[in-house]
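Written below as structure tokens is the structure these notes are about.
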Amino acid sequence: MRYITTVGEREFLVEIIDEHHVSIDGKTYEVDFVSVSGQPVYSLIVDGKSHEAYVNESDEGWQVLLRGRLYPVKVEDEREKRLRAAAGGGVAETGEFHLKAPMPGLVVAVPVTEGQQVKKGQVLVILESMKMQNELKSPRDGTVARIRVKAGESVEQKQALLSVQ
Amino acid sequence: MRYITTVGEREFLVEIIDEHHVSIDGKTYEVDFVSVSGQPVYSLIVDGKSHEAYVNESDEGWQVLLRGRLYPVKVEDEREKRLRAAAGGGVAETGEFHLKAPMPGLVVAVPVTEGQQVKKGQVLVILESMKMQNELKSPRDGTVARIRVKAGESVEQKQALLSVQ
Amino acid sequence: MFNKVLIANRGEIAVRIIRACRELGIETVAVFSEADRHALHVRYADEAYLLGPAPSRESYLRMDKILDIAKKSGADAIHPGYGFLAEREDFAAACEERGIAFIGPKPSAIAAMGDKMTARNTVMAAGVPVVPGTEGEGALSNEDLLAVAPQIGFPLLIKATAGGGGKGMREVRSLEEMPALLESARREAESAFGDGNVYLEKLVEGARHIEIQILADAQGNVIHLGERECSLQRRHQKLLEEALSPELDEELRARMGAVAVKAAQAVNYVNAGTIEFLLDKEHNFYFLEMNTRLQVEHPVTEMVTGIDIVKEQIRIARGRALSYRQEDVRFNGHAIECRINAEDPYNNFMPSTGRITHSILPTGPGVRVDTGVYPGFEITPFYDPMIAKLIVWGETRAQAILRMRRALEEYRIVGVRTNIPFHQTMMDSHRFMGGQYDTRFVEERFSMDDAEDNRKNHDETAALLATLVAHRATERSAQIVQRNARDTSNWKWVGRWERMHR
Amino acid sequence: MFNKVLIANRGEIAVRIIRACRELGIETVAVFSEADRHALHVRYADEAYLLGPAPSRESYLRMDKILDIAKKSGADAIHPGYGFLAEREDFAAACEERGIAFIGPKPSAIAAMGDKMTARNTVMAAGVPVVPGTEGEGALSNEDLLAVAPQIGFPLLIKATAGGGGKGMREVRSLEEMPALLESARREAESAFGDGNVYLEKLVEGARHIEIQILADAQGNVIHLGERECSLQRRHQKLLEEALSPELDEELRARMGAVAVKAAQAVNYVNAGTIEFLLDKEHNFYFLEMNTRLQVEHPVTEMVTGIDIVKEQIRIARGRALSYRQEDVRFNGHAIECRINAEDPYNNFMPSTGRITHSILPTGPGVRVDTGVYPGFEITPFYDPMIAKLIVWGETRAQAILRMRRALEEYRIVGVRTNIPFHQTMMDSHRFMGGQYDTRFVEERFSMDDAEDNRKNHDETAALLATLVAHRATERSAQIVQRNARDTSNWKWVGRWERMHR
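Listed in order, the protein sequences are those of chains A, B, C and D.
The opening residue of the first sequence carries number 410 in the numbering used here; numbering runs sequentially from there.
The opening residue of the second sequence carries number 410 in the numbering used here; numbering runs sequentially from there.
The opening residue of the third sequence carries number 750 in the numbering used here; numbering runs sequentially from there.
The opening residue of the fourth sequence carries number 750 in the numbering used here; numbering runs sequentially from there.
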């Protein structure tokens, strides 16, 4: 199985040859790869070098936390890669942005109103969690639409709070 | 639900009234009982006293390891108790005893032969595990029957080794 | 003398206090909210009583219930830990009224130091230097504060009168932005302390946050245990502390220690307490506030002095004299504490909640972990995100840093995100290694990408790991599809399911 | 100087050595058997190489493979830990030949001390007192041994010439039982060391097992770090160690320390080593043997001296002088180590194997855990049952005992049985508390029921716990029956099952 794997700006051609052999950009390595205690923690020995990392799936791909550093990684097979190339790629800067609660908490304030113009970085909602007030900001310029919460409400993780168009 | 629970020589009449109330020998207590992380470790708060114990089922009943001490406990409902009383109780001293491997290991020696008379405490099998030689002894006087292993063999936990009749 | 202590707290500090009591042969009473039935302090204590629902004001802040439980359980002393009721003079007074020993200072000392204005005036009278500001002038209106601000000069800080821990604190760079910041500071202060009063204080730039640990007994003996360096903060929350500070020499330590002792004596202080100072680049120092309780970061002082501060607190509360005189206090080696918070350093330090599914603690020589969590425990959004403190000792500061590095690398917590990578990046920072930092360092001159140049890049390994995990996931789902395709009879499934669950 | 160390060991000691290397900025190479792919030392090391199948002689005893891996990985030093190849002069010599630094003594010193006869003769010549016996007389036949036994007098001990750790050791009370015991001792020695030779030694009754830690550098400096009290043994396996010994005073310590240094000097010893003595009731002491390696129990010495013995070993192997002179060695407080073994103290200490499903380590002030296991790790029958060492420090011996008690109570290991209850019972024993014990104490004057009288009986609580668990199990099985009865349509089950697994 062949994959095109992207770490930051770098692209690697990774081929899984069999359970113990993998090639990267044409060079073959002996690998010994196990998950630890059934957790998303993986131990990998590549040609004798021992590595251990947390590997999690996120909305944007894979996150590899290795030796105190986070590597965002995209793994695609050749079909996926072609599809993405065709679509043009990139997150649309013009579509609707849905603000979701990043964690459960209490809405302290919603300092915007529906229809209001907001700038990138402007505070949309203040959410209290773990005794900290967290300011949730707009990722871009736009207009506030459909505010679904108000101050004093408790919200669950990933609950939709409002949109920016 | 009513149980007759025996700890060593002491017998307790335990009634589970509801999820939060239990009576022992007629006295009612408020209990808060939870298992920890889905393990056989239990946290029990009885009228404010906080206890934590390992509770495991064994062939002879329950084993409660509490504050560094092991309590062997028998829990019976009334029907079971009557049945046992009828049977006369006590482990038969005359039936066949099956020696099973208490852990995986390597049989170092079987210093007895089939048909041999053995005394209580006499060594039947020497089993090596974790670099230690462990002597497995006869729990009573009798005659050795059906030796199923020989020196040099690896055995699994609970594998039958021989019998004493 | 008392023999049963109620711990009016939760988390790692409740566990820390239970340990001290147990090692002294004192019985312990835990209290807990509905969210904390499975918490370690409940499991470790001799007795445990439910307080109420998860929110603090319905549980850990319920003085009335806590005092009732003390009575019911026969506890003859209460240790408040830090936070919650630790600096509430009314709580200390209520304990006193009921004949329960409060393991901390007298209500009068809490009151004198708890109100920042009184504290400031008191220590000024004792000759202790303070930062210029309005703290001594009572509860001023926004109007008054806006009027006085230009006289103090910008930048300045808005601080909560009842506050602590950075809550209700705001930095102001100009008069224009001040009204909005006053509002948000008051709002946060009101929510955190039930008191929206704020004051202004000059912002000392390039300052280090240095605090001196003091111990005082009822016999009038007051000693200090040297300083802690607490300058590494983010949003006024401490992240990492050291003892001793790389910035102080023996002479300055003795001088600041003497001033700290003087400040404590000014309020007839008894028990453990901490005097916080700002230290500027010219080594001028200013009294900030006194924390009239045990500090989160007390272990670094314990590691370099060998003194068990919690045991000493209990000893003092039992009416006995300190075990140590000032000349018995010796400093040995260097200690660092990293606060391990359930928050995502790659997503603006957002709090992270969830169940801890797996954990491996760093152990071995010179490593101490104080924690209240364990595998299977659920991190809820109700309390502080600090889930553990990782403390190391080394013969020198350099050795302590190297040891902290290896301990951070060993630490595994799965199920919630933690700020461990932040600390790892910090340990690799040249400025940290050189001891060259102030209170603005984390926010202004540090980023998670900072150490890029010092650290080996593992792009290729990361690519390999992600690909292997992704590949395995694909394989697994393919197998499931295949299996489903093979098994045309649903009845077979039922049989299999039943066998599995028998 | 070297920069990459191969650790020819497994378990907690491999982890311990990796930690020391990492804190010194030295790269590490782990080796592992097929049973240890998931072991902590493999996960923590920078590099890791498979040796072979699980049995030691096919993996950790394979010198050839280990030396090949050292070459392949570019490791320029090898640390052997304890056990396995640690006291094999041929291994040390093979390292030397290949230009690899062996972190331990010269082959000649291992040889001189490894053969008990030579060791005995060497130290006797240096004026060190020894226990009467046949050790100096070479490999005697059973016939010779039976002839000489009555001259030494009973009781006496049969010991393996190549031995250590109690393997191949037998106690003989009379001439009649001696032939059978000789056979079993030789058999065990042959199996453990590949050498069935044994010797006889007078059994010193009421003796304490005291050992002195020494450090020696290549510059000829030799110092001692005081003693460890190792009398608490079962089947000649140490279970619990203390530093310092409650039996020694400063004068005796200095005297035994000086003799230990003399013994080390007699073989031109370099690196860390331990001289074991028997100390009788009249404070006569006899040289037993020298362990030419790091000891399991080295942490108690580290805790009371503040000296990192493994780092010092590496320093010495790098050719540098000791960091400490004898007068720099100061003893502070008291330390105790409990060896946590996977064995069932309620079933004749039978080894216990299985997967560790859950674990909570004791932490907090003064507690250190050295371990190679974690939740999810499988304890196999191939290696030593010791899975962790719990070490505590206290200002006094009494405080250390109290701290050990609380740490043992906190420790949770689920999935295998452990001897933690044994240690808990020991901590409650009056004789242990009084420091009144010798090497026969555990076997002859201690039982798991010993502390009955001192400890509160929790029969009622145990009854309640068992009943609640039993009741819950009954309820659960009843519910399953009911559920099955309700759901008459198997098709419903399929739908539900599929929803669950989507």
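Note that CB positions come from ideal geometry on N, CA and C, so glycine has one too.
Find the residues of chain A that neighbour residue i, judging by a C-beta separation of less than 8 Å, and give them in chain order.
i          : result
C/Ala-1211 : Val-416, Ala-462, Val-473, Leu-475, Tyr-480, Val-482
C/Glu-937  : Gln-542
Comparing C-alpha positions only, which one of the options sits nearest to residue i?
i          : options                                      : result
D/Phe-1036 : D/Arg-806, D/Glu-1144, D/Pro-1170, D/His-958 : D/His-958
C/Glu-925  : C/Phe-751, C/Leu-895, C/Ala-1137             : C/Leu-895
C/Ser-980  : C/Glu-991, C/Leu-974, C/Val-971              : C/Glu-991
C/Gln-900  : C/Ser-923, C/Thr-910, C/Ala-909, C/Gly-915   : C/Ser-923
B/Ala-518  : B/Gly-551, B/Arg-557, B/Pro-548, B/Gln-448   : B/Arg-557
C/Arg-1152 : C/Val-1141, C/Arg-806, C/Arg-983             : C/Val-1141
B/Pro-520  : B/Arg-419, B/Lys-546, B/Lys-509, B/Met-541   : B/Lys-546
B/Pro-548  : B/Lys-559, B/Ala-560, B/Val-534, B/Met-539   : B/Val-534
A/Gly-561  : A/Gly-551, A/Gln-448, A/Asp-550, A/Ser-538   : A/Ser-538
D/Asn-970  : D/Glu-886, D/Gln-1014, D/Glu-954             : D/Gln-1014
C/Gly-975  : C/Gly-1082, C/Arg-936, C/Leu-905             : C/Gly-1082
A/Leu-488  : A/Gln-566, A/Thr-414, A/Gln-568              : Here residue 488 of chain A turns out to be Arg, not Leu, going by the sequence shown. Comparing Cα-Cα distances from A/Arg-488 to each of A/Gln-566, A/Thr-414, A/Gln-568, the minimum goes to A/Thr-414.
D/Arg-1166 : D/Glu-846, D/His-1107, D/Arg-1155            : D/His-1107
Between residue i and residue j, is the Cβ-Cβ spacing less than 8 Å?
i          : j          : result
B/Ser-459  : C/Arg-759  : no
C/Tyr-948  : C/Glu-884  : yes
D/Arg-1004 : C/Thr-1112 : no
D/Asn-1033 : D/Ala-1066 : no
D/Val-1059 : D/Ile-849  : no
C/Leu-1157 : C/Arg-1088 : no
D/Ala-888  : D/Lys-916  : no
D/Glu-886  : D/Met-866  : yes
C/Ala-1149 : C/Ala-1219 : no
C/Glu-772  : C/Asn-752  : no
Could you work out which residues of chain C lie near residue i, taking near to mean beta carbons separated by less than 7 Å?
i          : result
B/Gly-551  : Within 7 Å Cβ-Cβ: nothing; B/Gly-551 doesn't reach chain C, min ~36 Å.
D/Arg-1155 : Arg-768, Arg-771, Glu-772
In chain A, what lies closer than 7 Å to residue i by C-beta?
i          : result
C/Thr-1174 : Gly-477
Could you pull the DSSP bridge partners for residue i from this structure?
i          : result
C/Cys-1087 : C/Leu-989, C/Leu-1139
D/His-1179 : Partner(s): none; D/His-1179 has no beta bridge.
D/Arg-983  : D/Gln-986
C/Leu-1253 : This structure does not reach residue 1253 of chain C, given that chain C is present from 750 up to 1251, and the question cannot be answered.
A/Asp-427  : A/His-430
Got a sec? Which residues, its chain only, sit under 6 Å from residue i by beta carbon, not counting five neighbours each side?
i          : result
B/Val-455  : Tyr-438, Val-440
D/Phe-1171 : Pro-1094
D/Ala-835  : Pro-829, Arg-1042
D/Met-750  : Arg-1067
D/Asn-1040 : Thr-1023
Take residue i and list the residues in its own chain whose beta-carbon comes closer than 8 Å to its own, dropping the five residues that flank it on each side.
i         : result
B/Ala-554 : Glu-505, Glu-523, Gly-524, Leu-571, Ser-572, Val-573, Gln-574
B/Met-410 : Glu-424, Ile-425, Asp-486
Could you tell me which chain E residues have their CB closer than 9 Å to the CB of residue i, listed as they occur along the chain?
i          : result
C/Gly-1125 : Considering every chain present, this structure includes no chain E. Its protein chains are A, B, C and D.
What residues from chain C crowd round residue i, counting only those whose CB sits closer than 9 Å?
i          : result
B/Ile-454  : Arg-786, Val-791, Glu-796, Ala-797, Tyr-798, Leu-799
D/Leu-1151 : Arg-771, Glu-772, Leu-773, Gly-774
Note down, in chain order, every chain D residue with its Cβ under 7 Å from the Cβ of residue i.
i          : result
C/Leu-1110 : Leu-1110, Thr-1112
At a CB-CB cut-off below 7 Å, which residues of chain B make contact with residue i?
i          : result
D/Met-1099 : Pro-511, Met-512, Asn-543
List, in order along the chain, the chain A residues whose C-beta lies closer than 9 Å to that of residue i?
i         : result
D/Ala-779 : Ser-459
Leaving out five residues on either side along the sequence, give the residues of the same chain with a beta carbon under 7 Å from the beta carbon of residue i.
i         : result
D/Ala-956 : Leu-1027, Leu-1028, Asp-1029, Asp-1187, Thr-1188
B/Gln-568 : Lys-509, Ala-510
Going along chain D in order, which residues have a C-beta closer than 8 Å to the C-beta of residue i?
i          : result
C/His-1107 : Pro-1124, Gly-1125
Taking residue i as the query, report the chain C residues whose CB atoms sit under 8 Å from its CB, ordered along the chain.
i          : result
D/Asp-1093 : Here the premise fails: no neighbours, minimum Cβ distance about 24 Å.
What residues of chain B sit near residue i, judged by a beta carbon separation below 8 Å?
i          : result
D/Val-1163 : Gln-448, Pro-449, Val-450, Tyr-463
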